[in-house]
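A.B. asks: Take a look at this one; I'll ask things after.
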Amino acid sequence: MSNMPKPFEHLHAAHCETGVMSAMLNHHGLEISEAMALGLSSSLAFAYLPIIKIGGLPLIAYRMPPKSVIKGLQKRLGLKMKFEKFSNQDLGMRRLDEMLDQGRIVGLQTSVYYLPYFPEEMRFHFNAHNLIVYGKEGNDYLISDPVGEVVVRSDAKSLQKARFAKGALAPKGMMYYADYVPDSVNLESQIPKAINKTARSMTPPVPVIGIRGIHYLANKIAALDIKNDKRKIKLYLGHIVRMQEEIGTGGGGFRFLYAAYLQEAAKIMNSDLLAEASGIMTEVGDQWRLFALNAVKVCKKRSEMDLNFVADSLHKCADQEAVVWKMLKKYKG
27 MSNMPKPFEH
37 LHAAHCETGV
47 MSAMLNHHGL
57 EISEAMALGL
67 SSSLAFAYLP
77 IIKIGGLPLI
87 AYRMPPKSVI
97 KGLQKRLGLK
107 MKFEKFSNQD
117 LGMRRLDEML
127 DQGRIVGLQT
137 SVYYLPYFPE
147 EMRFHFNAHN
157 LIVYGKEGND
167 YLISDPVGEV
177 VVRSDAKSLQ
187 KARFAKGALA
197 PKGMMYYADY
207 VPDSVNLESQ
217 IPKAINKTAR
227 SMTPPVPVIG
237 IRGIHYLANK
247 IAALDIKNDK
257 RKIKLYLGHI
267 VRMQEEIGTG
277 GGGFRFLYAA
287 YLQEAAKIMN
297 SDLLAEASGI
307 MTEVGDQWRL
317 FALNAVKVCK
327 KRSEMDLNFV
337 ADSLHKCADQ
347 EAVVWKMLKK
357 YKG
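Start counting at 1 in the sequence shown, then tack on 26, and there's your number in the working numbering.
Here you go:
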């Protein structure tokens with residue numbers, strides 16, 4: 027990898043971690059789309075985890091844990107990534123400055139709440155938001171946030187708060203950067219392996235994971251007691267949608283992105299099966315968005331509180347996904 031600094035090109039993305047890795051790899055000369063980054067890292071998932079609480083409500087994960095995209099791509103592409111965390115905040119900021127002085131681009135894990143370029147109404151305490159810092163001018167850090175259309179800035183104090191926020195998934199100043207990026211990768215050998223791994227993770231014999239986990243959550247919704255506390259029900263449904271569309275982007279967002287991956291993979295592998303699976307996964311994304319819409323209508327009193335109707339729309343998500351994963355589980359390339 028050349029030591030000569032290269033102008034950084036911002037890439038607008040659907041999701042922060044996949045967007046960061048796509049932009050970072052492209053910067054270092056390996057052209058990998060955001061969709062390919064998601065697919066190759068086998069990061070698509072579903073899990074209903076009532077033991078882990080977010081704001082007093084159960085964690086609902088639509089993707090593998092933070093850093094799974096980065097680590098998954100390390101395995102599939104032969105990358106060498108360096109991760110650094112800091113107990114001392116000043117040391118963490120100085121280390122970032124050192125990397126920027128060397129002309130490096132640096133990935134950061136941050137809290138959305140303290141990033142000054144986010145509108146106040148969009149800030150919330152989520153500590154696993156990824157972004158790239160590509161330079162510094164005076165007291166301002168130059169930031170490529172994948173979910174934004176253009177590059178932005180943050181003052182040093184705000185960025186420090188975002189890097190060292192407390193709470194669940196506390197970033198502890200984590201920064202990461204590419205130490206080695208190969209010039210090319212044999213995608214034909216890696217795509218089938220990545221697909222099989224995702225298909226297995228979506229079809230395990232565990233009631234709260236994968237397809238069974240989606241059905242499990244739908245049954246939980248149907249079993250809620252309307253007469254007991256409608257306010258709690260609205261909070262619960264709102265939480266599900268927020269985890270899906272704002273934090274995880276794993277409902278419609280990630281499914282659409284995975285459909286794009288399958289479409290790209292179909293061309294590389296010359297596979298009609300993958301092309302067909304891509305079309306079905308796009309329909310799955312539409313169904314997830316429809317479920318979210320039905321849940322939001324109940325929350326905002328725009329429709330009758332028919333929990334069976336909301337649950338049924340979620341069951342349909344699981345049923346449609348089951349078709350895709352049954353196809354892909356047997357795919358050998």
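Ideal Cβ positions, reconstructed from N, Cα and C, are used throughout, including at glycine.
These numbers were taken from a predicted model, which means no experiment stands behind them.
Does I252 come out as helix, strand or coil in the three-state DSSP assignment?
C.D. replies: The answer is coil: DSSP assigns I252 none of H, G, I, E or B.
A.B. asks: Have a look at P218 and V310 and give me their C-alpha separation to the nearest angstrom.
C.D. replies: Going by the C-alpha atoms only, they are around 21 Å apart.
A.B. asks: Using a beta-carbon distance below 8 Å, is M107 in contact with chain C?
C.D. replies: No chain C appears in this structure, which consists of one protein chain only.
A.B. asks: For the alpha helix (DSSP H) that E214 lies in, which residues bound it at each end?
C.D. replies: Counting along the chain, the alpha helix (DSSP H) containing E214 begins and ends at 213-227.
A.B. asks: Suppose the cutoff is 7 Å on Cβ atoms and the five residues either side in sequence are ignored; what does the same chain contact list for M27 look like?
C.D. replies: Its pLDDT being 43, under 50, M27 is placed unreliably by the model, and the measurement read from it follows with that caveat. Within the same chain, M27 has close Cβ partners H54, Y206, V207.
A.B. asks: State yes or no: is the C-beta of K327 nearer than 7 Å to some heavy atom of the ligand ADP?
C.D. replies: No copy of the ligand ADP occurs in the structure displayed, which carries no ligand at all.
A.B. asks: Quick one: give me the first and last residue of the beta strand (DSSP E) that H54 is part of.
C.D. replies: No beta strand (DSSP E) holds H54; DSSP gives it neither H nor E.
A.B. asks: Where are the beta strand (DSSP E) runs, 3 residues long or more, that stay fully inside the region 140-181, in chain order?
C.D. replies: Counting only runs of 3 or more, we get 155-163, 166-170, 178-181.
A.B. asks: Extract the residue ranges of the beta strand (DSSP E) inside the region 61-113, only unbroken runs of 3 or more that lie entirely within it.
C.D. replies: With a minimum length of 3 residues, the continuous beta strand (DSSP E) runs that stay inside the region 61-113 are 70-80, 83-89, 106-110.
A.B. asks: Do the region 235-247 and the region 347-359 make contact, defined as three or more Cβ pairs closer than 8 Å?
C.D. replies: Yes, they touch.
A.B. asks: In whole angstroms, what is the alpha-carbon distance linking T224 and G164?
C.D. replies: Approximately 44 Å between the Cα atoms of the pair.
A.B. asks: When you compare each of M307, G174, V322, G305 to Q270 by their alpha carbons, which one comes out closest?
C.D. replies: Of the listed residues, the one whose Cα sits closest to Q270 is V322.
A.B. asks: Within the continuous alpha helix (DSSP H) that includes V349, where are the two ends?
C.D. replies: Its alpha helix (DSSP H) spans residues 333-355.
A.B. asks: Go to D116, then tell me how far its alpha helix (DSSP H) extends in each direction, as first and last residue.
C.D. replies: First-last of the alpha helix (DSSP H) with D116: 115-127.
A.B. asks: What's the call for S113, buried or exposed, on a 16-neighbour Cβ count within 10 Å?
C.D. replies: S113 comes out exposed.
A.B. asks: Opposite Q135 in the DSSP bridges: which residues?
C.D. replies: Bridge partners of Q135: N156.
A.B. asks: Tell me the residue span of the alpha helix (DSSP H) that contains A204.
C.D. replies: From DSSP, A204 is part of no alpha helix (DSSP H) but of the beta strand (DSSP E) over 201-206.
A.B. asks: Using the beta-carbon count (16 or more within 10 Å), is L117 buried or exposed?
C.D. replies: When all chains shown are included, L117 counts as exposed.
A.B. asks: Hey, is the region 183-199 in contact with the region 32-39, meaning 3+ C-beta pairs nearer than 8 Å?
C.D. replies: Not touching, per the Cβ criterion.
A.B. asks: L141: which of I131, L105, S180, D123 sits nearest, CA to CA?
C.D. replies: Nearest option by C-alpha distance: S180.
A.B. asks: Report yes if the CB atom of L4 is closer than 8 Å to the CB atom of H38, and no otherwise.
C.D. replies: Lying outside 27 to 359, the shown extent of the chain, residue 4 is not represented and no answer is given.
A.B. asks: Measuring CB to CB, does Y139 end up less than 8 Å from F150?
C.D. replies: Yes; because the gap between Cβ atoms is below 8 Å, this pair is in contact.
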